[in-house]
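As structure tokens, the structure follows; a few thoughts come after it.
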Amino acid sequence: MDEESFDLDDFTLDSSLLLRERFVILNELLLLKGARVEVLRRIALSSNAQDDGGQRETTNRP
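Each residue of the sequence shown is one higher than the one before, counting from 0 in numbering that gives the first Met the number 0.
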């Protein structure tokens with residue numbers, strides 16, 4: 000076999016590993032985004048509490 004040939008099983012394994020790594024990275028990005036949203040939500044709640052004289056809203060908004 001020459002150097003240019005490849006085994007289909009090796010290619011499939013490499014593709015599978017790359018796909019798994021992409022999913023791991025995507026999952027980490029989503030977790031970071033979720034953490035960022037939580038921080039922004041807490042900042043907004045804190046700002047509302049300060050603007051309302053320390054009283055938080057009790058109504059649930061969609």
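Virtual Cβ for every residue (Gly too), placed ideally from N, Cα, C.
| Item | Value |
| --- | --- |
| Cα-Cα separation, S45 to G33 | 18 Å |
| Q49 versus I42: straight-line alpha-carbon distance, rounded | 11 Å |
| C-alpha gap between V36 and N26, whole angstroms | 15 Å |
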